[in-house]
Amino acid sequence: MTSPNIVETAGTALAISGVSKVFNKGNTNEVTALSDVNLDVDTGEFISLIGPSGCGKSTLLRVLGDLTEFDSGGIQVSGRSPAQARKERLYGIAFQQAALFDWRSVSKNIELPLELAGWDKSRREARSAELLDMVQLSEFGNHRPWELSGGMQQRVAIARSLAVDPPLLLMDEPFGALDEMTRERMQNELLRIRLDTGKTIIFVTHSIPEAVYLSDRVVVMSPRPGRITAEINVDLGERTELTRESDHFFHNVTAVREALRLHDSSAVSSTSHRGEI
Amino acid sequence: MSNTRERISRGGISLLWALAGIVLIAIMWELTKILGTLIELPFNTSDQAMPNIWSMFSAFTLPEVRGSDTSVFQAVLAAASYSLLLAMGGFFIGVVVGLILAIVMQRFLFFERGLLPFVIASQTVPLIALAPLIVGIGNQISFGPIQWSTTYSVMFIAAYLAFFPLSIGALRGLQAPDPTSLELMRSYAATNNSILWKLRFPASIPYLVPALKVSAAAAVVGTVVAEISTGVRGGIGRLMIEYARETTSQPAKVYVAVFGAIALGLVVAAIIAAIDVLLTKNLPKKGLA
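The listed protein sequences correspond, in order, to chains A and B. Quick note: the first sequence, position 75, residue 75 per our numbering, numbers continuous. With the second sequence counted from 1, adding 1000 to any position gets you our numbering.
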């Protein structure tokens, strides 16, 4: 349940203690989205939140970003409340849809958060050029978003989330709508960006291999009520071409899969059914 | 660019189709007249009621009144330009008012709840009933030396008809951004004003353009009808009434005024088309319009 490695912490990026969240409180369709969630994330750590639909992984991410309120418990984002952290622009966010604005060029999309943060034009342009270079889309700055492929659009969205250089990156299934090949390429690119920038990243996914490949730690969640049921440290070291094919990778995938199955009531009932036959 | 050339050639083709349509209507008009001489039709096809196309065209060059230097065409042109001015004035006021209403209704839910029924009810009042009322009230208004004139009443009526489609369209447009875009703006700690100018307003363009088209048409209709019902001189509405009274002596004359009204509508449509191109030049070429 608890993470054992508290050695050499460069500081706590995220401290979540006893957080609960109930939707439609008092209604007949009341849903406990989060129940007593505790999680500490170190600076520079890559955490994946994984679990079946309704386990509260997206809700947790949105609570961290102050996009949804929580009912009880405490959250510290870089030592501040989520609302304060949002106002100070201490995190960047990327969603499953790239959500680029059609009426802006690719560079202007990346510059949007900078405009809102009050950067002047020359600094904005320099920064967007730098970020386009980072996501390898330098030639596409003047293109319109709809002229780009899904994977390219998502790279622009990631560049945009990094624009104000926030210490924390929140990612809600950013590769969920991409095909498998693009997805793997994007995963490598994200790891490279992470190495370059040293960001703390919270990554929501429901792909087990994706979570294992990307993360230092996989946080397994389960629904009704939404809660954390396991934390698995991934010890794959530096990722290479061969990582995805290594036995070690499969061991980690298996560990996450078993942690997921342990708390999945529907899976348990189907196994017992099979047992009867 | 080949794209531009393509658009122009496509524009040329649709112009040809439009001309073909006009020729077809003219032919059917004349055929109906011929048919009327052969069999009994339920309507009058005499030269009095349905003058020949060529007499309509020759009416362009008739003197406006007996002995005057100005031709009917010149009179119609002047009247149509005057009406265009009034219609554009009313349209502009309508657009400004409609946009303000939409922004207020979008920002404050209680305004949407409280205002929207009145906005809708405003359009159920018949224009014919409204026109004398506005003129009556207007005549009592004066701001120091500036006296309310009936032309303001015409513009007011045009604006009254124009604001409605625009405010409804703009409201839908301002509410169009998807939740993800709004959350993105929230994550950037954007103010309500930034969200309005950088997200809601640009996102409303695909809804705004068709609303502008409907509004402009409403402003033209409003102007012509208001000119007739308020009796304002100088516009195409009044001219139509005057020429219609002369049908016994010069049946083709009124059709010149009708052509003038059509031209007025076309000019307004062209203005809106230009606005459309300007507003949507950065958007993908798929729209609601």
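Think of the CB as a built atom: it goes at the ideal place given N, C-alpha and C, for glycine as much as any other residue.
Run of the beta strand (DSSP E) containing A/Phe-23, from where it starts to where it stops: 12 to 23 is the span of the beta strand (DSSP E), which, as asked, contains A/Phe-23.
For A/Arg-155: DSSP bridge partner residues: Answer by DSSP bridge pairing: none, since A/Arg-155 is not bridged.
Range of the contiguous alpha helix (DSSP H) that encloses B/Phe-1110: 1109 to 1122
Proximal residues to B/Thr-1248 (C-beta, below 6 Å), its chain only, five neighbours per side dropped: none
Whether B/Pro-1179 touches B/Ala-1203 by CB criterion (8 Å): no
Cut-off 8 Å between Cβ atoms - residues of its own chain near A/Gly-11, not counting five sequence neighbours on either side: Asp-42 and Thr-43
Nearest residue (CA-CA) to B/Leu-1264, options B/Leu-1182, B/Trp-1197 and B/Leu-1085: B/Leu-1085
Pairwise C-alpha distance: B/Arg-1113 and A/Asp-66: For A/Asp-66 and B/Arg-1113, the distance between alpha carbons rounds to 28 Å.
Of the listed residues A/Leu-195, A/Val-156, A/Thr-182 and A/Asp-196, nearest to A/Glu-210 (C-alpha basis): A/Thr-182
Delimiting residues of the alpha helix (DSSP H) encompassing B/Phe-1164: 1150 to 1174
Stretch-stretch touch, CB-based, cutoff 8 Å, three pairs: the segment 169 to 176 of chain A with the segment 94 to 103 of chain A: yes
C-alpha gap between B/Gly-1138 and B/Met-1155, whole angstroms: Approximately 12 Å between the Cα atoms of the pair.
The segment 1208 to 1215 of chain B / the segment 1232 to 1247 of chain B touching (three or more Cβ pairs under 8 Å): no
Partner residues on chain A for B/Glu-1368, Cβ-Cβ distance less than 7 Å: Within the shown structure, residues of chain B are numbered from 1001 to 1289, placing residue 1368 of chain B beyond reach of any answer.
Any chain A beta carbon closer than 8 Å to B/Asn-1044: no
Alpha helix (DSSP H) segments (min. 4 residues) lying fully within the segment 142 to 224 of chain A: As for any alpha helix (DSSP H) of minimum length 4 sitting wholly inside the segment 142 to 224 of chain A, the runs are 150 to 161, 180 to 197 and 208 to 214, ordered along the chain.
Beta-carbon separation (whole angstroms), A/Val-234 vs A/Leu-49, contact threshold 8 Å: In fact, because the Cβ distance is near 14 Å, the residues do not count as touching under 8 Å.
A/Ser-105 burial status per 10 Å Cβ neighbour count (16 or more: buried): A/Ser-105 counts as buried, since no fewer than 16 other beta carbons sit within 10 angstroms of its beta carbon.
Proximity of B/Lys-1198 and A/Leu-131 at Cβ, strictly below 8 Å: no
Contact between the segment 82 to 91 of chain A and the segment 118 to 126 of chain A (3+ Cβ pairs under 8 Å): no
Spatial distance of A/Leu-236 from A/Ala-163 (CA atoms): 29 Å
Residue interval of the alpha helix (DSSP H) (run including A/Leu-114): 106 to 116
Contact set for A/Pro-167: own chain, Cβ-Cβ below 8 Å, skip 5 residues either direction: Ala-13, Thr-43, Ser-78, Leu-90, Tyr-91, Lys-199 and Thr-200
Presumed contact (8 Å Cβ cut-off) between A/Gly-51 and A/Ser-215, rounded CB distance: Not confirmed; about 14 Å, so no contact.
Contacting residues, own chain, Cβ-Cβ under 8 Å from A/Glu-30 (five flanking each side not counted): Val-22, Phe-23 and Asn-24
CB contact below 8 Å: A/Lys-281 versus chain B: Given that chain A is displayed from residue 1 to residue 277, the structure contains no residue 281 of chain A and the question cannot be resolved.
Chain A residues whose Cβ lies nearer than 9 Å to that of B/Pro-1202: Phe-101, Asp-102, Trp-103 and Arg-104
Coarse secondary structure for B/Gln-1147, derived from DSSP in three states: strand
Backbone secondary structure at A/Arg-239 - three-state DSSP: Reduced to three states, the DSSP call for A/Arg-239 is coil.
Proximity of A/Trp-146 and A/Asp-102 at Cβ, strictly below 8 Å: yes
Inter-stretch contact at 8 Å, needing at least 3 Cβ pairs: the segment 1085 to 1105 of chain B / the segment 1144 to 1155 of chain B: yes
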